[in-house]
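Residue numbers for the sequence shown, in our numbering: 2 to 295. Down below is the structure, laid out as structure tokens.
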Amino acid sequence: MSLDTQPSVRADARAGTSPAGVAMVEVDRVSKWFGGIHAVREVSLRIGRGTITGLIGPNGAGKTTLFNIIAGHYKPTSGTIRLDGDDVTGLEPHALFGRGLLRTFQLAQEFHSLSVRENLMMVPPDQPGESLLNAWFRPGAVAAREREIRDKADEVLDFLTLTHLADERAANLSGGQKKLLELGRTMMVDAKIVFLDEVGAGVNRTLLNTIAGVIERLHREKGYTFCLIEHDMDFIARLCDPVIVMAEGAVLAEGTPGAVMANEHVIEAYLGTGSKHVRPQAAAQAAAAAKPSA
Ligand SMILES: Nc1ncnc2c1ncn2[C@@H]1O[C@H](COP(=O)(O)OP(=O)(O)OP(=O)(O)O)[C@@H](O)[C@H]1O
Ligand SMILES: [Mg+2]
Numbered sequence: 002m003s004l005d006t007q008p009s010v011r012a013d014a015r016a017g018t019s020p021a022g023v024a025m026v027e028v029d030r031v032s033k034w035f036g037g038i039h040a041v042r043e044v045s046l047r048i049g050r051g052t053i054t055g056l057i058g059p060n061g062a063g064k065t066t067l068f069n070i071i072a073g074h075y076k077p078t079s080g081t082i083r084l085d086g087d088d089v090t091g092l093e094p095h096a097l098f099g100r101g102l103l104r105t106f107q108l109a110q111e112f113h114s115l116s117v118r119e120n121l122m123m124v125p126p127d128q129p130g131e132s133l134l135n136a137w138f139r140p141g142a143v144a145a146r147e148r149e150i151r152d153k154a155d156e157v158l159d160f161l162t163l164t165h166l167a168d169e170r171a172a173n174l175s176g177g178q179k180k181l182l183e184l185g186r187t188m189m190v191d192a193k194i195v196f197l198d199e200v201g202a203g204v205n206r207t208l209l210n211t212i213a214g215v216i217e218r219l220h221r222e223k224g225y226t227f228c229l230i231e232h233d234m235d236f237i238a239r240l241c242d243p244v245i246v247m248a249e250g251a252v253l254a255e256g257t258p259g260a261v262m263a264n265e266h267v268i269e270a271y272l273g274t275g276s277k278h279v280r281p282q283a284a285a286q287a288a289a290a291a292k293p294s295a
């Protein structure tokens, strides 16, 4: 069984390489305190270029907080974040967005009064039509750019199989369709790495399959690197390698989906919280499946 625990993950982070390839994001001894709560404790991990890395762990493990730190929404209390080798610790989300680092939120953040297409068209930054001067004096340039962005949005809608909903108000989408729209927003610009926070939560099986398919296509055809938080172990097992497990703010284990789900510390961490997301059967099945190679 190939299972790395925290100390070896740290060693990899320092070396800057791993079997998965060059690190796109390196998190080095990052901590975050909220008053008296130590939400993230000296976390070191790396997300390899071209991987779909899973981040799992019981409720309150610190996963979203770590995403918020990497994507610039929170400043870490201590520690360093590197993107493509550059220290980006404390950069604002828009600066990271400009470097191709995008994230979606645990709760979808659509503009509900706008149409689905308009939600996509809002994403590209610095549109000439946003300036009154341009609108008055360069209407041709504004119209051309808007057409280009509209065509891109229609291409994305086609990719997501949401074309029939292009003119629907985003508020009227189902929970799963809103998650697809969130994924679509990441396709309106040239993303390098996309962080997905529970993109499958509250989504029915059919749409979950569609979302998984979209992630696989973006990874394969557009070369996106992904890091995704998810509680659904089947979803994680289908998409992710490696999987990093957090518990109580720290990294507990890293390895293939089968290996981490069979890890007794991981199972204990889930059972210990009484989490509604506990999947002891899934863990037991994974343990059984992983036994021959253990
Ligand atoms: N803004 C905040 N202020 C104070 N405490 C916070 C804040 N954000 C998170 N926490 C606390 O930090 C800890 C980690 O929370 P976080 O949301 O990162 O967990 P999570 O792993 O994403 O959990 P879940 O699976 O339930 O989404 C929790 O104890 C949480 O209550
Ligand atoms: Mg969370």
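We put the CB at the ideal spot given by N, CA and C, even for glycine.
- Under the rule that a run must span 3 or more residues, the beta strand (DSSP E) segments found entirely inside the region 27-115 read 38-49, 53-57, 79-84, 102-104.
- Following the DSSP letters along the chain, one finds T226 in no alpha helix (DSSP H) but inside the beta strand (DSSP E) bounded by residues 226-230.
- With a cutoff of 7 angstroms, I245 does not count as near ligand 2, since its C-beta is closer than that to no heavy atom of the ligand.
- Under a 10 Å Cβ-count criterion, L272 is classified as exposed, with fewer than 16 other Cβ atoms of the shown protein chains found around its own Cβ.
- Residue state for G201 is assigned as coil, using DSSP reduced to three classes.
- DSSP places A172 within a helical segment (H, G or I) once states are collapsed to three.
- Secondary structure note for L253: it is in no alpha helix (DSSP H), and the uninterrupted beta strand (DSSP E) holding it is 251-256.
- The way I'd put it, the region 228-239 does touch the region 190-208; three or more beta-carbon pairs between them come closer than 8 angstroms.
- Here the region 112-119 does not lie against the region 206-214, with fewer than 3 beta-carbon pairs under 8 angstroms apart.
- D242 sits in a strand when the DSSP states are folded into three classes.
- In terms of side-chain proximity, the C-beta atom of D88 is found no nearer than 7 angstroms to any non-hydrogen atom of ligand 2.
- Ligand 2 approaches K64 closely enough that one of its heavy atoms is under 7 angstroms from the residue's Cβ.
- In the displayed model, A167 falls within coil according to three-state DSSP, outside both helix and strand.
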